[in-house]
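In terms of the numbering used here, the sequence shown is residues 38 to 238.
C-beta: ideal position from N, C-alpha, C; glycine also.
Step one of this worksheet: look at the structure below.
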Amino acid sequence: MIERRMHDDERPVRRLRRAQGLLERMVRALPPGKRARVGLFIAAKTMASACVAYGAGRWVHPHEAFWAAISAIAVTQPHYGDTRGAGRDRVLGTGLGAVAGVLGLWIGGTGDFLAFAAALFLVTLASWAAGVGAAARVGGITTAIVMLVPSTGPLWDVAAFRLGEVVIGTVSALMVGWLVARLEGWVEGRHRHADDRPGSA
Numbered sequence: 038m039i040e041r042r043m044h045d046d047e048r049p050v051r052r053l054r055r056a057q058g059l060l061e062r063m064v065r066a067l068p069p070g071k072r073a074r075v076g077l078f079i080a081a082k083t084m085a086s087a088c089v090a091y092g093a094g095r096w097v098h099p100h101e102a103f104w105a106a107i108s109a110i111a112v113t114q115p116h117y118g119d120t121r122g123a124g125r126d127r128v129l130g131t132g133l134g135a136v137a138g139v140l141g142l143w144i145g146g147t148g149d150f151l152a153f154a155a156a157l158f159l160v161t162l163a164s165w166a167a168g169v170g171a172a173a174r175v176g177g178i179t180t181a182i183v184m185l186v187p188s189t190g191p192l193w194d195v196a197a198f199r200l201g202e203v204v205i206g207t208v209s210a211l212m213v214g215w216l217v218a219r220l221e222g223w224v225e226g227r228h229r230h231a232d233d234r235p236g237s238a
């Protein structure tokens, strides 16, 4: 029963991986010129997302702004819907990992092996129990950063800043992705309108 439930929960993840693999194979099958155009488009989108995130991150917390840029790069996908899903998983995973990391610090302190193991177990379990198994990996990484990177100040400090930078990076990627999707729709609409004109055929 439990095994069947785990398989049911993993089906969407497997479908997503298959779809991503199919998309990668389709892109590889394109002629080099078209591949370069796709790469140029994704590179521009990723660059814009990371630069917006880094600029906003520097305004909020100058010494840790690179986390915002990393988050924007990590969640930027070719399609806006995929970026939205990756962003949701990253924010949820970071939030759960931040909470688990603070609990681990409260129980055992920075670098405590047993507290780290317990926090990592907790964040993975919480992610899967909440139905966001894809966020478990990011949650574990956040837990490790919060618990294993030495810091001064209150326990929640690193966790709060990490979550804030991830949110900034994700929102930046979503804004850029949304604008690009609207621009693509506008360009396609103009092409369709031009093709429908009398004498365009």
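**Beta-carbon proximity list for S108, same chain, < 7 Å, skipping 5 on both sides** = As a working mapping, residue 108 is identified with position 71 in the sequence shown. So the list reads A90, R127, E202, V203, G206, T207, once near-sequence residues are dropped.
**Request:** Have a look at G170 and S164 and give me their C-alpha separation to the nearest angstrom.
**Result:** Walking along the sequence shown from the start, residue 170 turns up at place 133. Walking along the sequence shown from the start, residue 164 turns up at place 127. Cα-Cα distance, rounded: 5 Å.
**Asked** Contact between the region 184-198 and the region 132-143: three or more CB pairs below 8 Å?
**Response** yes
**Message:** Measuring straight from C-alpha to C-alpha, what distance separates V217 and P187?
**Reply:** Your numbering for residue 217 matches position 180 in the sequence shown. Your numbering for residue 187 matches position 150 in the sequence shown. Taking the straight line from one Cα to the other gives about 39 Å.
**Asked** Span of the alpha helix (DSSP H) holding P69?
**Response** By 1-based counting over the sequence shown, the position of residue 69 is 32. It spans 69-97 - the alpha helix (DSSP H) in which P69 sits, taken as one unbroken run.
**Prompt:** Hey, how far is the Cα of L211 from the Cα of L133?
**Reply:** Looking up residue 211 in the sequence shown gives position 174. Looking up residue 133 in the sequence shown gives position 96. Distance between the alpha carbons of L211 and L133: 21 Å.
**7 Å CB neighbourhood of T83 in its chain, flanking five on each side removed** = The residue given as residue 83 occupies position 46 in the sequence shown. Counting only Cβ-Cβ distances below 7 Å, and skipping sequence neighbours, we find I110, T113.
**C-alpha gap between I79 and G70, whole angstroms** = If you number the sequence shown from 1, residue 79 lands on position 42. If you number the sequence shown from 1, residue 70 lands on position 33. One C-alpha to the other measures close to 14 Å.
**Request:** Take I182 as the anchor and find which of R72, P68, E101, L77 has the nearest alpha-carbon.
**Result:** Taking the first residue of the sequence shown as 1, we reach residue 182 at position 145. The residue with the shortest Cα to Cα distance from I182 is E101.
**Prompt:** Can you tell me whether DSSP reads A238 as helix, strand or coil?
**Reply:** Here the question's residue 238 lines up with position 201 in the sequence shown. With a pLDDT of 49 at A238, under the threshold of 50, the modelled position of this residue cannot be trusted; read the value that follows with caution. If DSSP states are grouped into helix, strand and coil, A238 belongs with coil.
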